[in-house]
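Participant:
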């Protein structure tokens, strides 16, 4: 295993908008149902099609960020 390449990629992950975007949206997908269970008062503020909106946002966001990205993680 090439440890130098792995270190470069891990370092590049901190600068990657795609990884940050996916982390935030992924956390929302996992966290929103837990939040709804623990705080039922917020259910009135979250639309019924929230997860469809989140899925579309994730797909479009990834497409746009992939278009923007032109370097590998090891080159960031």
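In my numbering, the protein residues as written are 8 to 83.
Ideal Cβ placement from N, Cα and C applies to all residues, glycine included.
Model, not experiment: these values are computed from the prediction.
(1) Counting along the chain, where does the alpha helix (DSSP H) carrying residue 18 start and finish?
(2) Take residue 26 and list the residues in its own chain whose beta-carbon comes closer than 7 Å to its own, dropping the five residues that flank it on each side.
(3) State the Cα-Cα distance for the pair residue 70 and residue 38, rounded to the nearest angstrom.
(4) Tell me which same chain residues have a C-beta within less than 6 Å of the C-beta of residue 68, skipping the five on either side of it?
Facilitator: On the basis of the supplied data:
(1) Judged by DSSP secondary structure, residue 18 falls within the alpha helix (DSSP H) whose first and last residues are 10 to 20.
(2) Hits under 7 Å: 20.
(3) Whole-angstrom Cα-Cα distance: 23 Å.
(4) The answer, listed in chain order, is 28.
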